[in-house]
Amino acid sequence: MLSRTAENLYWTARYIERADSIARLLEVAYRIHLIPNTSEGYLNEWESILSAAGIKESYLNNYKEISKNKIEYFLLFDPNNSSSVKACIESARNNLKMVRTAVTLEVWNTVNTWYHEIDKYDTEKYDTKNLPMTLDWIKKQVNLIKGTINNTQLINDGFDFIYLGIFYERADFTARIIDVKYYILLPSSSYVGTQVDNFQWSIMLRSVSAYRGFKWAYGNSQIDYTKIIDFLILSELCPRSIFYALDKIQHHLGRLTKFYKSDNKAHRNIKAIHRGLINSSADEIIEFGLHEFLTKFIDDMSTTYSDLEEVYFLGIDK
Amino acid sequence: MYNEVFDKKTPRKAYQDIITWANSLPYNTLIKKKAEAENLFKKIGITFSVYNNFDSSERLIPFDMFPRIITKLEWLEIQDGVTQRALAINAFLRDIYNKCEIVKAKKIPADLIYMNPAYEIKMVGVKVPHNIYSPIIGTDIIRTDIKSFKVLEDNCRTPSGVSYMIENREIMMRMFPELFEKNNIEPVENYSSYLNDTLKSLAPKKCDNDPKIVILTPGPLNSAYYEHSYLADTMGVELVQGSDLIVEKNITYMRTTQGMQKVDIIYRRIDDDFIDPISFNENSVIGVPGLFHSYKSGYVNICSAPGSGIADDKAIYAYMPEIIRFYLGEEPKLSGIKTWRCSKTADKNYVLNHLDKLVVKEVHGSGGYGMLIGNSASKSKLNVFKKKISNNPNNYIAQPILDLSSVPIFKNKSLSPRHVDLRPFTLIGNRKRKLVPGGLTRVALKEGSLVVNSSQGGGVKDTWVLKN
């Protein structure tokens, strides 16, 4: 497969996953917004999702104040935001257009149709009352695309690159959103373990659509810091956990090394991170420092991405 | 004007069923089907881009659902005629880049070749695999009366439109399957596999493996990008951009997830000038440095060969009958159109004196840009062209204004005649030639207009060649 094709498939998938993440983030903010404000020392929930998405600075370059409507618009449609949902779809479609021949007509159709729909949508007249519907629509489209990929794509190397994109994005997003909770939402460590803390954690769970999953996995027990860390980082049951994403990345890299009959450092390094997670416990992570753990994880992942890029996306002989 | 469908008020034999069908089609069904078809085109992404336009976004090419029908007899005439031309063009290209016998025999003026900007001096003496310079030729054919078809233009660089030929058919079969059950229509879907076979037969000298074919595109912003990806997809070959290819020690490779892989045949859809910044335009960022050397060393074939464009030059066109006689020893099966070359003083004077009765074209123009249709042009436009021609006569040719034949389009609640042309695609491989029975019918959507180019408001139709 052409290196450029592999790279474009990888990025198409990342953008699609990112659109999904943004929709879920917005859902969290919306949910907090509807609940009476119990919080002491609570930073504005709308502001916090800007931090989670890593675009607070670019928002403040465009708007003077933090306002619900503007943030919604910024995250969903704003042409000035290169990671808005609309921009994600556009990037996904542009990437896919470059490699039209690498996906089935059905996959192309779902992405292209969505692009035309969102393009037609009169974003200037965006009405905040439509937020829940809009978010449902986005999540539904993402599921449609992923389902179409699963059901129609050839399960070849291209399929692996698509899934590498999805799970790199997911690992990154989950790590960031936990870090945001730790660093931004909770103003001081004296709040750890308090009601505010636990309330915020439950919101985090919802943001990755794992609230009910958590209840089922741990019994209907009290939401508790350690368990949530275990669930979002180390659980093999939670589809949004870092471990699950790593497991999938390792799986698809493993398939590629078999397919191409040659092992490489990207695969070896991912295996090392994967092993590290298996041998960790939530308590150890807390002892090490959650923020430190996540920062190291994000760094390690970005190193493995460079490896991946070097091995597969440059296309020169080693 | 020759009406292909009606003889006075009666439908011609080939069209009788279709006219009955069209007349019985309820208006709201028509509207619905039209919207459905447009939606399909858009969903699949069959779009083109228009240059010289502020809005560079993707457009749909207007599709009219009334089919154009060609009888078997008519098709045989076209087939023989365009194949003959394609063979002559390849023989001509081989000759002018080698021994130049046609010039020595004084059948064509030397300066028309050697002074021609489309003559690629770097190609002189280059050994072209199997001596096929231009394996894919699109011939623009028109009709002015019941008697015969005429050739308006040859396109032997990178003719486009073949994907529309195939997709128009796909859409029609989806919209009106009943028409295909009743009528005996030749399929066109084999084009891609014919193209694959043709290219495969043109492996370069230094290729001892099963030849690896790729299609080279300038990228998604090119107006024909959809076609490039369509062909790559249906041929099962990689669609590459310049940056995907790399030349090392004169061998051409593509960058893949498994490292560098040798490439043997490139069906390029980028212009000569941009192929290789080392040998041609140094500013090209879409080309591949060193590609031309790889080609000359026999490691890779580039189809069509650089320099092929001279054969579809509009000034050379006037000599086509001579070219056919000289290389094939046959009379041309399809006639051309009387052409005045403004580089000749007598011709130039005639053109300047009869400007309002002529079509004036730039010698190297295409896509309907920079053209004058004398009888419908304003006085000031005529004056502008008068000046242009006087200042640079070599750049212009003129032809009579031809009354192109017509086929109706669906217009509101009735059928309304519009001018059409036809572009079949001839494939010339090593010892084999193929022609899919069909072609692209382009239709001028504006009433009375003679310009069918999609960039100038033309549309397309499904074209049926009948089996018997």
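Chains as they are written, first to last, in the working numbering: chain A, 218 to 535; chain B, -3 to 464. Don't be surprised by glycine CBs; every beta carbon is placed ideally from N, CA and C. Please read these numbers as outputs of a predicted model, since none were measured by experiment.
For A/A489, the number of other beta carbons within 10 angstroms of its own is below 16, and it is reported as exposed. Assignment of beta-bridge partners to B/M250 by DSSP yields B/L241 and B/Q257. With distances taken between CA atoms, B/K245 lies nearest to B/P285 out of B/P285, B/S239, B/V281 and B/F270. By the Cβ test, the stretch 252 to 269 of chain B is not in contact with the stretch 342 to 350 of chain A, since fewer than three Cβ pairs between them sit closer than 8 Å.
If you compare the alpha carbons of A/N481, A/K287, A/W228 and A/E274 with that of A/G375, the shortest gap goes to A/W228.
About 5 Å separates the Cβ atoms of A/L267 and A/Y276, confirming a contact at the 8 Å cut-off. Here B/D399 is not near B/N371, since their CB atoms are 8 Å or more apart.
Within 9 Å of the CB of A/I450, no CB atom of chain B is found; the nearest one sits about 31 Å away. The shortest CA-to-CA distance from B/L36 to any of A/L531, A/R429, A/N486 and A/N326 is the one to A/N326. Judged by DSSP in its simplified three-state form, B/K146 adopts strand. The closest CA to that of A/R248, considering only A/L422, A/N298, A/E323 and A/W331, is found on A/L422. The residue from A/A270, A/S265, A/S301 and A/A269 with its alpha-carbon nearest to that of A/S284 is A/S265. Here B/Y115 is actually not in contact with B/I319; their C-beta atoms are around 15 Å apart, not less than 8 Å. Boundaries of the beta strand (DSSP E) harbouring B/Q395: Y392 to P396, taken from the DSSP string. B/I137 carries a strand assignment under DSSP once its states are collapsed to helix, strand and coil.
Between the C-alpha atoms of B/V456 and B/A373 there is a straight-line separation of about 25 Å.
Closest in C-alpha terms to B/S386, from the list B/N345, B/P113 and B/N179, comes B/N345.
Contact of B/K39 with chain A by beta-carbon distance below 7 Å involves N326, N329 and T330.
DSSP places B/M316 in the helix class (H, G or I) of the three-state scheme.
DSSP, reduced to helix, strand and coil, places B/V448 outside both helices and strands of the structure shown, so it counts as coil. For A/V302, the enclosing alpha helix (DSSP H) begins and ends at V302 to M315.
By the criterion of a C-beta distance shorter than 8 Å, B/G366 is surrounded in its chain by K357 and E358, once the five residues flanking it on both sides are discounted.
From the listed residues B/I15, B/P420 and B/N218, the smallest Cα separation to B/L411 is found for B/I15. Neighbourhood of A/I533 in chain B, by CB distance below 8 Å: I242, R251, G255 and M256, in chain order. For B/Y93, the CB contacts under 6 Å within the same chain, skipping 5 residues up- and downstream, are M119 and V120 in chain order. Taking the Cα positions, A/K482 is about 22 Å away from A/R231.
Ranked by how close their Cα comes to the Cα of B/E443, the residues B/G425, B/S188 and B/I405 have B/I405 in first place. Distance from B/R81 to B/T135 at the Cβ level is roughly 6 Å; contact confirmed, criterion being Cβ atoms closer than 8 Å. In the pairwise beta carbon analysis, the stretch 331 to 342 of chain B is classified as touching the stretch 145 to 153 of chain B: at least three pairs are separated by under 8 Å. Across the stretch 451 to 471 of chain A, no CB contact with chain B closer than 9 Å is found for any residue. Not flagged as an interface residue toward chain B: A/H508, since no C-beta distance is shorter than 8 Å. With its beta carbon at least 8 Å from every one in chain B, A/S284 lies outside the interface. Under the DSSP definition of a beta bridge, A/R241 lacks any partner.
Among the residues facing chain B, A/H333 is included, as its CB has a counterpart in that chain under 8 Å away. Annotation: A/K444 is outside any beta strand (DSSP E); the continuous alpha helix (DSSP H) that includes it extends over Y442 to I446. In chain order, A236, I239, A240, L292, L293, F294, I335 and I355 place their CB closer than 8 Å to the CB of A/V302, counting only its own chain and leaving out the 5 sequence neighbours on each side.
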